[in-house]
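Heads up, the thing below is written out as structure tokens.
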Amino acid sequence: MRPATVNDLPIVRGITAAAYAPYTDLLGGPPLPVTEDYVPRIARNEVWLRDDGEVISALAVFERHEDHLLIFSLAVAPSCQRQGLGMELLRFVDAQAVQQGVPEVRLYTNARMERNIALYRAYGFQETGRRQHPYRPGWMLVDMAKPAERMAAEVN
Numbered sequence: 013m014r015p016a017t018v019n020d021l022p023i024v025r026g027i028t029a030a031a032y033a034p035y036t037d038l039l040g041g042p043p044l045p046v047t048e049d050y051v052p053r054i055a056r057n058e059v060w061l062r063d064d065g066e067v068i069s070a071l072a073v074f075e076r077h078e079d080h081l082l083i084f085s086l087a088v089a090p091s092c093q094r095q096g097l098g099m100e101l102l103r104f105v106d107a108q109a110v111q112q113g114v115p116e117v118r119l120y121t122n123a124r125m126e127r128n129i130a131l132y133r134a135y136g137f138q139e140t141g142r143r144q145h146p147y148r149p150g151w152m153l154v155d156m157a158k159p160a161e162r163m164a165a166e167v168n
């Protein structure tokens, strides 16, 4: 994993759009990560790429807060899905939380993204609440959290 640069912006947008494409019809519009301006996030080192030197296959976008890391987006290129990269991204974010000394990892996702919610639960996230999306009327968000020091190996 490496931090994204502004030169990576087309890759970030492309992987994000492709990974979230199946949800656009389900939600009636593109999920928030698809419409996000990633330039400020890249400048703040919030965007990380899984780059094996040959291909960039996935990305993790997360924010540092005083007492937690907040996952904004995890996206895997469709051609690389179903290879365990989602779990690999979650382990990376966990390791970053531990390294940065925050006790918790949090995220939110759309209530209709049931496959993602199941993945997060399998990894050890617990639902902490549900709320209306502040910018998208009719969309329900699911808030989830887990202790940073409890890695996936301890959950599975």
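One point on numbering: in the numbering used here, the residue at position 67 of the sequence shown is 79, and numbering is uninterrupted. We put the CB at the ideal spot given by N, CA and C, even for glycine.
DSSP beta-bridge partners of residue i
i: His80; result: Glu116
i: Arg62; result: Ala70
i: Asn122; result: Leu153
i: Pro52; result: In the DSSP output, where bridge partners are listed per residue, Pro52 has none listed.
i: Arg127; result: Looking at the DSSP assignment, Arg127 forms no beta bridge with any residue, so it has no partner.
i: Arg14; result: Leu61
i: Val88; result: Ala70
i: Glu75; result: Leu82
Element boundaries [beta strand (DSSP E), containing residue i]
i: Glu139; result: Gln138 to Gln144
i: Asp155; result: Met152 to Pro159
Length of the line joining the Cα atoms of residue i and residue j
i: Ala89; j: Ile68; result: 8 Å
i: Gly40; j: Ala87; result: 19 Å
i: Ala165; j: Phe104; result: The pLDDT assigned to Ala165 is 46, lower than 50, so where the model puts this residue is not dependable; a value taken from the coordinates is nonetheless given after this. Answer to the nearest angstrom: the Cα atoms are 13 Å apart.
i: Trp60; j: Ala33; result: 20 Å
i: Lys158; j: Ala70; result: 22 Å
i: Ile27; j: Arg118; result: 22 Å
i: Leu102; j: Gln112; result: 15 Å
i: Ile170; j: Val18; result: Lying before the first or after the last residue shown, residue 170 is absent from the chain, which here runs from 13 to 168.
i: Asp131; j: Phe137; result: Correcting the residue identity first, residue 131 is Leu in this sequence and not Asp. Spanning the two alpha carbons is a distance of roughly 9 Å.
i: Pro149; j: Pro43; result: 13 Å
i: Ala72; j: Ile83; result: 8 Å
i: Pro45; j: Leu153; result: 14 Å
i: Ala123; j: Ala134; result: 16 Å
i: Pro52; j: Tyr147; result: 20 Å
i: Trp151; j: Thr121; result: 10 Å
i: Val167; j: Arg127; result: Low confidence applies here, because Val167 scores a pLDDT of 42, under 50, leaving its location unreliable and the question unanswered by this model.
i: Arg76; j: Thr36; result: 28 Å
Continuous alpha helix (DSSP H) stretch holding residue i: start and end
i: Ala33; result: Leu21 to Leu39
i: Val46; result: Leu44 to Thr47
Cβ-Cβ distance between residue i and residue j below 8 Å
i: Met156; j: Glu139; result: yes
i: Leu81; j: Ala55; result: no
i: Leu97; j: Arg62; result: yes
i: Ala30; j: Val24; result: no
i: Asp64; j: Val114; result: no
i: Glu100; j: Ala160; result: no
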